[in-house]
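>
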Amino acid sequence: MFSTHIENGTCFANAGAELTIYSAAEDAVQLRQVIQAHPNIVFNLSAVEEIDTAGLQLLMQAKRTIEANGHRPRFASASPAIQEIVQLLKLHDFFIFEDHVNVEQSLPEATP
Amino acid sequence: MSMELALQTYIAESRGLLQEMEDALLSLERSPSDQHLIDALFRAAHTIKGSAGLFGLDAIVDFTHVVENVLDRLREGKLSIGKPLIGIMLTCADHMASLIDSVADRDGVVETSQVEEGQRLLEQLQPYLDETALNESHSTHTELTEENRAGITCWKVCVQFGQDVLRNGMDPLSFIRYLGSIGQIVDIQVDAEQLPAFEQMDPESCYLSMKMEIAGIEDEKTIEDAFEFVRDDCKLSIEPLHTNLASPKELPGELAGLDASGPKSAPVQATISDEPAVSRTIDSDDPVADESAGNDPRRKTSANKPTRFIRVNAEKLDELINLVGELVIAGASGALLARQFGNTALQEASAAINNYIEHIREGALGLRMVEIGETFKRFQRVVRDVSQELGKDITLEIRGADTELDKTVVEQIGDPLTHLVRNAIDHGIEPEEVRRARGKPAQGVVMLNAYHDSGNIVIEVSDDGGGLNAEKIRKKALERGIIKPTDALSDREIYNLIFEAGFSTAESVTNLSGRGVGMDVVRRNIEALRGSVDLDSEEGVGTTVRVRLPLTLAIIDGFLVSVGESSYVVPLDAVLECMEISSEIKEAGSERSYFNLRGEVLPFMRLREQFGILGKPGRRENIVVVHSGEHKLGLVVDELLGEFQTVIKPLGKIFSNVKGISGSTILGSGDVALILDVPSLVALAIEGERHHESLHLSAERH
């Protein structure tokens, strides 16, 4: 489950405790809507306690779709569960986490 | 594979691994510096933990993790193993077994007593852990040191998961985690290219595939096994990537395997190329492996060698064997008819069929047969624990571990054997001072031995202890009214009195034996298996208890004979020779019960009289000389009908009191033939003779 709020034109998608197969169908619908509606999205993953392949796959899909639209998704605050799979699957290059996303900052199409 | 089935597999495998751990620990007691054993221990603990993680069995993961840490330190040479640690580790293995039992029996509900036991053990392990190990989290694994890396094979593993994997309740991540826990993932790439566009994506399907390089795992099978639960639902490819000195050997081995199989056996080739591990099994049987196995040749199979097993429901196996039994009967009937028709081509065809039937029969029976070694090995622990409890130094020697017997028999022989082994330790082996005084080595020896004899399996439990005191037993037997003062008994007969109900020879009652559950129970258990037990002893030298068990359920080679209208089958193993009856015996009538076989006096028994068959004996009678152990007996029959493969069908309860018959079988013609129980017939003959003798003696006295 994602909860979203918008600040300064940036959509914050806050993932819930679970990003698993059990919620994958709902999450997918939500993510698609969010991606369609907002170009600038920050995924806040600080609350994720459990993530499985389905959850990971959704995040990857989201990232890919956003990039295909010519935008850059951002990831903030990896929870320990997220850190664990990043470590496990060596996804450091895939999810670049910005621990302190400053809401005040303008969000340019940043340099990689 | 459903989760429930997978869990059952896990439980069974873990129990096997725990047994391996126990074996390794016990062997370590004898050779504490054996690195292979420590490695085996570590691997076993590691696998139990890793797989427990897959099922979320946290209690097992948490406990085993600490055990594994200690083992890891042992493996790295930071600790050395000694008696106290082996003792703790053995109890740890017991605790793990009890945790696994709680998964099997109570859905993983851990009882408070178990938690307390776990805590107690963890405290005991504490001194063997260093602080860094304590702070390690579960996912940390040993970093590979340079010298380790030199002996390690890297694997390139590509796995594409089937779309339904997630829906089936599997999480590919857990397999990666597991691999990471048993080896080191050097590199990994998650490939999301199969992901369709978001609109077309089913979020519950799995589209990911992974490519990884894994180090620190010795054989391919281990990697393959990691994916066992999704084997049918994923595309898996494993290839060696960076290999060390050992690998050039592997490749030629594989090629040799292919060459040897030749162009004819294409299907075999396919299997080999499909699973290269198979060819390496051959490879691992080389002398190097043998050498490293050292004093424990059985370890070769129990260590990390890729022996392939399939678990089969025992009922299916029974069904198969039953069908093979019917096939044997039908085949015999076909052969009989072919012979009657006298058509050569038909006879040839039927001979070929029977040849194959024989192969199938052997193969099918082989499936049910297990080596007794596994059962014997369990006694290492019994001997260790009991001898420690009694403060005696005793080793267990095992012989004939590869003797095979029916699985059902193996399952039921455990308890009686345990009792006999405990008895040997408790009553047999003398205290150390007595041994020294008698000029024996301080360390006592208990030996388990197994071998085949006349279609029976014989299991011997012997010790080099004090032996039995015939006079003492006699006195006690008199006291208890088991024998009468007038009974003239040989020493051997006196020894065997200890199998009578209510007998305990130890002067002091220890907490191990002498609780009233005596040798009589052992005998009853063994007789329930249609076996027999007897005992040999020499005072001051030792005692041997011999358990004789039939290879029941089996199809045996028999020798078909007839008496009047009835047919009997003598187990071929028991047959020594056959001959026509001499006129001398014939004329002697039923008075005499012995004959002269090339100077040897042998008792004989007329089956016609024994089984009360009416009618006159045939004009030509024959004698079949059979043996049971060292005793021989001649059986007088009418006709010899030749060798015959026999399916033993157990007799109903009504016949349980009939002596001399162990089962029945159906002949090709549809008639029923009875299978003779040679040992009991021999016993009957000996008894009869003694009876005869005593009559004789008393007649003389009068």
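One line per chain: the protein sequences are S and P, in this order. Mapping of the first sequence onto the working numbering: position 59 corresponds to residue 74, and the numbering continues sequentially without gaps. Mapping of the second sequence onto the working numbering: position 265 corresponds to residue 258, and the numbering continues sequentially without gaps. Every residue, glycine too, gets a C-beta built ideally from N, C-alpha and C.
Shortest alpha-carbon distance to S:N59 belongs to which of S:E99, S:D108, S:V101, S:C26?
Among S:E99, S:D108, S:V101, S:C26, the Cα nearest to that of S:N59 is on S:C26.
> Per DSSP, what are the beta-bridge partners of P:M572 in this structure?
According to DSSP, P:M572 bridges with P:I616.
> Give me, in chain order, the residues of the same chain whose beta-carbon lies closer than 7 Å to that of P:R68; leave out the 5 immediate sequence neighbours on both sides.
Closer than 7 Å at Cβ, skipping near neighbours: I31, D32, F35.
> What three-state label does DSSP hand P:N315 in the structure shown?
Helix.
> Return the residues of the stretch 28 to 40 of chain S that lie within a Cβ-Cβ distance of less than 7 Å from chain P, sorted by chain order.
Those would be I36, A39, A40, in chain order.
> Identify, in the order they occur along the chain, each residue of the same chain with its Cβ nearer than 8 Å to the Cβ of P:F648, setting aside the five sequence neighbours on each side.
Within the same chain, P:F648 has close Cβ partners I654.
> Could you pull out every residue in the same chain whose Cβ sits closer than 7 Å to the Cβ of P:D184, ignoring the five residues on either side in sequence?
Answer for P:D184: L201, S202, M203, K204, listed in chain order.
> Would you mind reading off the limits of the beta strand (DSSP E) that contains P:D184?
From DSSP, the beta strand (DSSP E) with P:D184 extends over 177 to 184.
> In chain order, what are the residue ranges of uninterrupted beta strand (DSSP E) at least 3 long that sit wholly in the stretch 303 to 364 of chain P?
With a minimum length of 3 residues, the continuous beta strand (DSSP E) runs that stay inside the stretch 303 to 364 of chain P are 362 to 364.
> Just to make sure I have the definition right: I need the residues of chain P whose C-beta is within less than 7 Å of the C-beta of S:T80. Which are they?
Those are F191, listed as they occur along chain P.
> Note down, in chain order, every chain S residue with its Cβ under 8 Å from the Cβ of P:C199.
Per Cβ cutoff of 8 Å: T68, A69, Q72.
> Give the DSSP-derived three-state secondary structure of P:K646 in the structure shown.
Note: P:K646 maps to helix in three-state DSSP.
> Looking at the structure shown, is S:R79 part of a helix, part of a strand, or coil, going by DSSP?
DSSP places S:R79 in helix when its eight states are reduced to three.
> Between S:I97 and P:L389, what straight-line distance do the alpha-carbon atoms span, to the nearest angstrom?
If you take the alpha carbons of S:I97 and P:L389, they lie about 53 Å apart.
> Would you list the one or two residues that DSSP bridges to P:M205?
Bridge partners of P:M205: P:V150, P:I181.
> How would you label P:G459, buried or exposed, when you count the other beta carbons within 10 angstroms and need 16 or more for buried?
Classification of P:G459: buried, given that the 10 Å Cβ count is 16 or more.
> Determine whether the beta carbon atoms of P:G611 and P:E577 lie at a separation below 8 Å.
Contact: no.
> Distance cutoff 8 Å, beta carbons only. Does S:Q76 sit that close to anything in chain P?
Yes, because at least one Cβ of chain P sits closer than 8 Å to the Cβ of S:Q76.
> Using a Cβ-Cβ cutoff of 9 Å, what residues of the stretch 158 to 172 of chain P are near chain S? List them in chain order.
Residues passing the 9 Å Cβ filter: V158, L159, R160, G162, M163, D164, P165, L166, S167, I169, R170.
> For chain S, check one thing: does any of its Cβ atoms lie closer than 8 Å to the Cβ of P:A185?
By this cut-off, P:A185 is an interface position.
> Please classify P:H39 as buried or exposed, where buried requires at least 16 neighbouring CB atoms within 10 angstroms.
Answer is buried; the Cβ neighbour count reaches 16.
> Is it the case that the Cβ atoms of P:N442 and P:G393 are separated by a distance below 8 Å?
Their beta carbons are under 8 Å apart, which means P:N442 touches P:G393 by this criterion.
> Tell me which residues share the same chain as P:Q187 and place their Cβ nearer than 6 Å to its Cβ, disregarding the 5 neighbours each side in the sequence.
Within the same chain, P:Q187 has close Cβ partners Y200.
> Just verifying my parser: in three-state terms, what is the DSSP assignment at S:N84?
In the structure shown, S:N84 sits in coil (DSSP, three-state: anything other than H, G, I, E or B).
> Please classify P:P409: is it buried, with 16 or more other beta-carbons within 10 angstroms of its beta-carbon, or exposed?
Counting Cβ neighbours within 10 Å, P:P409 comes out buried, since at least 16 surround it.
> According to DSSP, which residues form a beta bridge with P:D446?
In DSSP, P:D446 forms a bridge with P:N449.
> Under the assumption that P:G421 contacts P:D386 (Cβ atoms under 8 Å), give the Cβ distance between them as a whole number of angstroms.
Contact doesn't hold; Cβ gap of about 14 Å is too wide.
> Roughly how many angstroms separate the alpha carbons of P:E308 and P:L590, rounded to a whole number?
The alpha-carbon atoms of P:E308 and P:L590 are separated by roughly 48 Å.
> Who does P:H624 pair with in a DSSP beta bridge?
DSSP, once it has assigned bridges, lists P:S621 as partnering P:H624.
> With a cut-off of 8 Å, does the C-beta of S:L106 fall near any C-beta of chain P?
Chain P, which has a Cβ nearer than 8 Å to the Cβ of S:L106, makes this yes.
> Helix, strand or coil for P:N416 per DSSP?
Helix, per DSSP.
> Cβ atoms of P:L358 and P:I314: under 8 Å apart, would you say?
Yes. Within cutoff.
> Pull up the DSSP beta-bridge partners for P:Y561, would you.
Paired residues: P:V554, P:L667.
> Just to confirm the assignment, what range does the alpha helix (DSSP H) spanning P:I41 have?
Residues 28 to 47.
> So, does the CB of S:R87 fall closer than 8 Å to a CB anywhere in chain P?
Answer no: the Cβ-Cβ gap between S:R87 and chain P never drops below 8 Å.
> Is there a Cβ of chain P sitting closer than 8 Å to that of S:L60, yes or no?
No, S:L60 does not count as interfacial toward chain P.
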